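Chemist: Using the numbering used here, the letters of the sequence shown map in sequence onto residues 776 to 1769. Below is the structure I would like to discuss, written out as structure tokens.
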Amino acid sequence: MEPTPELSPHHAYPDHWEADVVLRDGGTARIRPITTDDAERLVSFYEQVSDESKYYRFFAPYPRLSDRDVHRFTHHDYVDRVGLAVTIGGEFIGTVRFDRINEQGRPASAPADEAEVAFLVQDAHQGRGVASALLEHIAAVARERGIRRFAAEVLPANNKMIKVFRDAGYTQQRSFEDGSVHLTLDLEPTEKSLAVQRGREQRAEARSVQRLLAPGSVAVIGTGRTPGGVGRTVLRNLLAAGFTGRTYAVNRAFDEGLATLDGVPAHRSLGEIDEQVDLAVIAVPAHRVPEAVADCGEHGVQGLVVLSAGYAERGSAGRELQRELVRQARSYGMRIIGPNAFGIINTAESVRLNASLAPESPARGRIGLFTQSGAIGIALLSGLHRRGAGLSSFISAGNRADVSGNDFLQYSFEDQDTDVALLYLESLGNPRKFTRLARRTAAVKPVVVVKGARHSGTNPPGHAVPVSRIPDATVSALMRQAGVIRVDTVTEMVDAGLLLAGQPLPAGPRVAILGNSESLGLLTYDACLAEGLRPRPPRDLTTAASPQDFRDALAEALADGTCDAVIVTAIPWVGENGEAETGDGEVLAAALRGAAAGGPAKPVAVVHVEIGGLAEALAAASSTAAPRTRPTTLAGRPAAAPGAPTGAAPATATAPTGPGTEAPAETAGAAGITEPAGTTETAGTTETAGTAEPEAAEPSARPGRIPAYPAAERAVRAMAEAVKYAQWRRQAATPGKVPEFLDETTDGPGAAALIDTLLGPAPDPRGRPLTHDEARELLGRYGIPVRPTLPAPDPEAAVAAAARLGYPVALKTTAPHLRHRADLGGVRLDLTDEDALRRAYAEVTELLGKPAELLPVVQSMAPRGVDTVVRASIDAAAGAVLSFGLAGAPSELLGDTAHRLVPATDRDAAELIRSIKAAPVLFGWRGSAPVDTPALEELLLRLSRLVDDHPEVVSVALEPVVVAPQGLTVLGATVRLAPPPPRGDLGPRRLPNY
């Protein structure tokens, strides 16, 4: 919305304050500044507010606003007086306002840093979290304008508003004065306020996806009058799946006399439907979509699945159409899946929704699937179906203009019907948020991701996302840090998903191998070694082994305390006539299931070669379709199963009795999301401060579905992913810490003052590199000493520098093309006296060029050790990244570099050092002395703290860092400062605009 001309340029309309937000019930609304054009909207809004709410706002009966009131509440300077409104369908449903005041409570201007704040929410929308969202945004606006505290006067009976302030998580003071409660809020974000904000975000976004996946009624807009076509196909699929709600066919071209189509009511528009429509599937040409969206918005539809193509995948004009589609839908409070989507599926017995183009709804199971590609979605559905796996939910988001993989993670975190989340992603709209959500979700259930478009250098058509400069290998490392199982292909994703959904997590990497083929067993053994597992020698049961022999051998392996997992290999039996007998698959499957059910809970996978019916029989006992229930402790929380890994409370499931066993009906809600404990459902205006954490949804303690693989490498790779994930889960149960010594030995305020001085009052947006001395001073504030260097523009200066530093010294060239290139002759070490230094100076200048070109320096020698490189940089998409590797060829040529997100914990630092392939060099490889890795870990933590505390430090490179058996020496450092990039993940909740 544009401001009126009377506003001065200094107080221009702040359009960056506009934001779309998800409210507590999953609907959306828009927050924006109030302008002078809003007078009529304000009056209309106020007329719909109850007398009680007006009394609470003005402390007296106040039936209507005067002209003076309307002028005051719509005219703001956006500095000392600011008003924000929440709108749906263009109309106000809530407002907030602050006025800057001085110590006496009178109107003031800067530098006064306190403001009086007041809220008003329409009664019909109270209880949706409107005031909570407004408080987040008005607080961010106030901080931007230099306001540090809010003051509010609230009547004691206004419990809803008191609760809004109390639950916000800010530091506050409360007193009772003159019959009202006086509240003062410190607006500096706290750990609690950030946790509250993210907890509300999680619940709201999860609920918004639930509303799409569990509607009470569905209208298919664009249903064809004749069989065929997209709309008619979706309607057919809805009916074939047995959708439990009401279904409507809508097409403005229907004849007026047409009452039903395929047995469901037929209408020319939504306005003809007497009942509420929750979900609309839009299958009309792109130019007719705006009309359909408006019809949906005006009739209270809650969400849209837009199958129509012709948007961002067609270029810039289509991208603008797509953005307008999102703006239009959100203005009515609706979320969108699509456009160019394949559809959505929910197999819950209470829903049975197939609002997609998939001709057959998948079986009910425990796997949730999200894909940004319709073609990949089809392939995954088909692959899972062939292997007997069921799904809990499926979303194919198409161009991902609104609902994204992040929203799916929010939903999966709480969904009690989902044990494993599979995601095919071609872009990450908000990588920082994805990493945060993935880490939290992976702590309770596996998250398996395939990332497409890894090396194209461009985003897929239709996806507008931040451009990341970090390589794909770094993205993969950061996903691993967050507990994400990153695989390369959709086949690997299905392989891992089947194992994780149907089998317990392994307690370690020790694998037993048994089967009736020595060769297949050896292939499996080799694959285990290649994947970093610890296989036991294969047990050959010989080709004469019977199903009972397999059962006995598997039971023995499972009972063995030195085994954490079992891989069974099987080939067809050969009959007396020399022909393979392939008909005993069901018998072998029953034997293996019986052994797995009777032994300790350990994962089992089967590698088979052309045994007819084996894979199908193993898949028939689908534990992925069983509900997870757990006994409840006296504290009201589910009890951990005996023998659960540290930090994980395995669920228990009813063991299926054989092929075709039907899963019992779910006891949870339609889409498995329940209201977190302690959350109120009254007409209050906020949620509780805490977030109810789901229990760790681990695969069944008694394996039911045993995954079968046609190749040893595939089974072993899936098992290796399960081993690494289980190890991450155990470690995540006791998260790392930032050592306290960093607080005692760092000078954060001093570093901040130095950075302000170096950047200056009007910093260049491109930033500036620091000189050697400036970098030394800044790093020194965080306890990172850099060995000094002295310039040597001529031999005499070099000799003087050496005398000052003390022999032995090193002579180095610092020209960019020679920096850190000892192999080119630009570095001379261990120069013990003046003669040696002069000879080295002459040789270097004769070999490489004049001193003015080489920029030589002299530096005192450091103790011998291993040369390493430590870097930190801020990526616009991924955030701050800490990197480590050995200096020279290992990191530069071979890419042997490890990465972690900042801020790093002590565990992150230890893992960072040990995760490079050349790590043995640091720990005494081939008889060398181990280096001081604790000192190296401390250096990593100090650099992480510096970058985390001061986002203006956009890049740091410490090279080389010589790590000796005792201590380390930083010989070189380059630092770059720039105005800090925006941190959208730390601001108030808002939906992204792609």
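From the three backbone atoms N, C-alpha and C, an ideal C-beta is built for every residue, glycine too. The model shown is predicted, which means the values in this text are computed figures rather than measured ones.
1) Name the residue from A1673, I863, L1010 and T1022 whose alpha carbon lies nearest to the alpha carbon of R903.
2) Three-state secondary structure (DSSP) at K1220?
3) For a test of the three-state rule: what should DSSP assign to A1770, helix, strand or coil?
4) In terms of alpha-carbon separation, which member of G1020, E1073, L817 and V1223 lies closest to L840?
5) Using DSSP's beta-bridge definition, name the partner residues of E952.
6) Tell me the residue span of the alpha helix (DSSP H) that contains Q1506.
7) Rounded to whole angstroms, what is the Cα-Cα separation between T810 and R1541?
8) Are the Cβ atoms of V1224 and R1261 separated by less than 9 Å?
9) Rounded to a whole number of angstroms, what is the C-alpha to C-alpha distance between Y830 and A860?
10) Using DSSP with H/G/I as helix, E/B as strand and the rest coil, what is D790?
11) Only counting runs of 4 or more residues, tell me where the alpha helix (DSSP H) segments fall wholly within the region 915-941, in order along the chain.
12) Counting C-beta neighbours from all protein chains within 10 Å, is the total for K1226 16 or more, i.e. buried, or is it exposed?
13) In three-state terms, what does DSSP make of P1754?
14) DSSP three-state label for E1571, please.
15) Report the three-state DSSP secondary structure of P1763 (helix, strand or coil).
16) To the nearest angstrom, report how far apart L1766 and P1510 are at their CA atoms.
17) Tell me, please, which residues DSSP counts as bridged to V1731.
18) Per the DSSP calculation, I1057 is bridged to which residue(s)?
19) By the three-class DSSP mapping on this structure, what secondary structure does Q1634 have?
20) Using the three-state DSSP reduction, which class does T1588 fall into: helix, strand or coil?
21) In the DSSP assignment, the alpha helix (DSSP H) including A893 goes from what residue to what residue?
22) Quick check: L1273 and R1480, are their CB atoms within less than 9 Å of each other?
23) Give the secondary structure of N1012 by DSSP, where H, G and I count as helix, E and B as strand, and everything else as coil.
24) R872 to T803, Cα distance in whole Å?
25) Among the residues of its own chain, which have a CB less than 6 Å from the CB of G1600, if the five just before and after it don't count?
26) For the region 1109-1120 and the region 1017-1033, state whether three or more C-beta atom pairs, one from each stretch, are separated by less than 8 Å.
27) Taking P1626 as the reference, give the member of A1567, Q823, S1171 and P808 with the closest Cα.
28) Excluding sequence positions up to five away, which residues of its chain have a Cβ less than 8 Å from the Cβ of A899?
29) Could you check the C-alpha separation between G1556 and G1523 for me, to the nearest Å?
30) In three-state terms, what does DSSP make of N1181?
31) DSSP on Q1051, reduced to helix/strand/coil?
32) My assumption, with CB atoms under 8 Å, is that G1078 sits in contact with M1109. Please give the rounded CB distance.
33) Counting only the same chain and skipping the five closest in sequence on each side, list residues whose C-beta sits under 6 Å from that of R1094.
34) Is the region 972-983 touching the region 1089-1104, taking contact as three or more C-beta pairs under 8 Å?
35) Thinking C-beta only, is I1288 closer than 9 Å to P1312?
36) Please determine if the region 1720-1739 and the region 1062-1069 are in contact, where contact requires at least 3 C-beta pairs separated by less than 8 Å.
Modeler: The relevant details are as follows:
1) I863
2) coil
3) In the structure as shown, the chain begins at 776 and stops at 1769. Residue 1770 is therefore absent and cannot be evaluated.
4) L817
5) S955
6) A1487 to A1507
7) 34 Å
8) yes
9) 20 Å
10) helix
11) 934-941
12) buried
13) coil
14) helix
15) coil
16) 29 Å
17) A1647 and V1750
18) I996 and V1081
19) strand
20) strand
21) Counting along the chain, A893 falls outside any alpha helix (DSSP H), though it belongs to the beta strand (DSSP E) covering E889 to V896.
22) yes
23) helix
24) 21 Å
25) L1622
26) no
27) A1567
28) Q823 and I868
29) Reading the sequence as shown, one finds Arg at residue 1556 and not Gly. So the alpha carbons of these two residues sit roughly 7 Å apart.
30) helix
31) coil
32) 6 Å
33) A1087
34) no
35) yes
36) no
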